[in-house]
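Okay, structure first, notes after.
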Amino acid sequence: MLDDWQHIELAYPWVLAGLIIIPFIIYWYVRNNLKKRAAISITTTKYLTGLREPGQSLFHIPFVLRCVALGALIIALARPRHSFEEEIVQGEGIDIMLCLDVSGTMAYQDFLPNRLEASKELAKDFVRSRYGDRIGIVLFSSHGFTMCPLTTDTSEVLMQINNVTDSILSNEGTVIGTGIATCVNRLKDSKSKNRIIILLSDGVNSPEAVSPDTAIKLATVFNIKVYAIGIGSDNEVDVVKHTPFGDIPGKEKSEFNEPLLRKIAMETGGEYYHALNKEGLKIGFENIHSLEKSMIEKVSYKTYTDKYLLFLIAGFLLLFLEVILRYSVFKKFP
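For the sequence shown, numbering that gives the first Met the number 0 assigns the number 0 to the initial residue and increments by one for each residue that follows.
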């Protein structure tokens, strides 16, 4: 009941300015009553203590009822009403699988704090911008793993992205073909006309499991586009080597297979973006967002239910009661 009144608004809030008349009426009433007091001065009142009627203060009840009634009627004229908003989503969204490389090279710190964390941060921004789309997550390193199936629950997708670490899967090896094939398996039965995969990887591929060429054919057969974002370069990167004597910082040449990533994107009808840093990664996501637009239309309806009747009835009842009391119980005789 209380929650229902939280959504009350006034159609004519300016009418409430009329409530300011009530203090003036009270002032006039008090002032008028003071003038009616006897003006005879006496030296003592100890002999008059029994002359005041016990119920004399009750004579003010009709006036109080009149003030309350006036306040209720003014509120009724302001027309309080309950508002209800309804959103109807029309159109069709896009089914998107985020295919994230979680192999050991994603821990390189040429992106701050590292490649994987930078990818996660911008992937979350991308997810927040995709209203009405179904989004899922596939991880891959030495094998593929569906972390989150397709869903429109944005909060669930964001939570799962937060849970992604490079320790979820064995980081020895990178099977890009298996990662893409796992995404295709999740998208192939989708009824959506637009289905895409966003691949984030350095392109280094191990020969085991599904080959990239096979994965490309699978995506093409099911008309699924792959947008590839290449993370990294062939330059040396800072690494931390774990030894029995502690962590030792050093440098290591980063492997980066740009031709493979470009081939995957081009042959499936997608686009390729090279991210040398966090800003480049952001541009890649923004370009994909601009190219793949959802045909979603959000229509908002606002309906109202009037709530003024309660105040209107209360106001007239109080006025009626005031008249009855004034000309019966509290009637003044000359």
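Note that the Cβ used here is the ideal one computed from N, Cα and C, for glycine as well. A quick note: this is a predicted structure, and the numbers were derived from the prediction, not measured.
query, result
"For residue 186 and residue 77, believed in contact at Cβ under 8 Å, the rounded distance", "Actually they do not touch by this definition, with Cβ atoms about 55 Å apart."
"C-alpha distance - residue 251 paired with residue 235, whole-angstrom precision", "5 Å"
"Host beta strand (DSSP E) of residue 273 (start-end)", "271–274"
"Spatial distance of residue 19 from residue 321 (CA atoms)", "21 Å"
"For residue 164, three-class secondary structure by DSSP", "coil"
"Bounding residues of the beta strand (DSSP E) (the contiguous stretch that carries residue 228)", "224–230"
"Counted within 10 angstroms of its Cβ, other Cβ atoms place residue 319 as buried (16 or more) or exposed", "exposed"
"Rounded Cβ spacing between residue 203 and residue 254 (contact assumed at less than 8 Å)", "5 Å"
"Range of the contiguous beta strand (DSSP E) that encloses residue 135", "133–139"
"Alpha-carbon spacing of residue 313 relative to residue 82, whole angstroms", "22 Å"
"Own chain, CB closer than 6 Å to residue 46, minus 5 neighbours either side, in chain order", "The predicted position of residue 46 is uncertain, since its pLDDT is 49 and thus under 50; a value taken from the coordinates is nonetheless stated next. No residues qualify anywhere along the chain."
"Residue 232 versus 14, 63, 107, residue with shortest Cα-Cα distance", "107"
"Bounding residues of the beta strand (DSSP E) (the contiguous stretch that carries residue 9)", "7–9"
"Spatial distance of residue 317 from residue 306 (CA atoms)", "18 Å"
"The segment 115–125 / the segment 272–286 touching (three or more Cβ pairs under 8 Å)", "yes"
"Pair within 8 Å by beta-carbon distance, residue 198 and residue 226", "yes"
"Spatially closest choice to residue 282 from 30, 13, 124, by CA coordinates", "124"
"Segment limits, beta strand (DSSP E) that includes residue 200", "194–200"
"Pairwise C-alpha distance: residue 176 and residue 213", "7 Å"
"CA nearest to the CA of residue 228, picked from 97, 58, 57", "97"
"Length of the line joining the Cα atoms of residue 84 and residue 7", "12 Å"
"Whole-angstrom distance between residue 121 and residue 100, CA atom to CA atom", "14 Å"
"Classification of residue 211 by the beta-carbon crowding that lies within 10 angstroms, buried from 16 upward", "buried"
"Residue 217 classed as buried or exposed, judged by whether at least 16 other C-beta atoms fall within 10 angstroms", "buried"
"Reduced DSSP secondary structure (H/G/I, E/B, other) of residue 338", "Lying outside 0 to 333, the shown extent of the chain, residue 338 is not represented and no answer is given."
"Distance between residue 152 and residue 134 (C-alpha atoms, nearest Å)", "8 Å"
"Option in 139, 93, 29 with minimal Cα separation from residue 181", "139"
"Exposure of residue 102, with buried meaning 16 or more beta-carbon neighbours within 10 Å", "buried"
"Which listed residue (95, 156, 146, 294) has its alpha carbon closest to that of residue 167", "146"
"Under 8 Å between C-beta atoms of residue 369 and residue 137", "No answer is possible for residue 369: it lies beyond the span of the chain, which begins at 0 and ends at 333."
"Extent of the continuous alpha helix (DSSP H) run through residue 215", "211–220"
"Extent of the continuous alpha helix (DSSP H) to which residue 178 belongs", "175–186"
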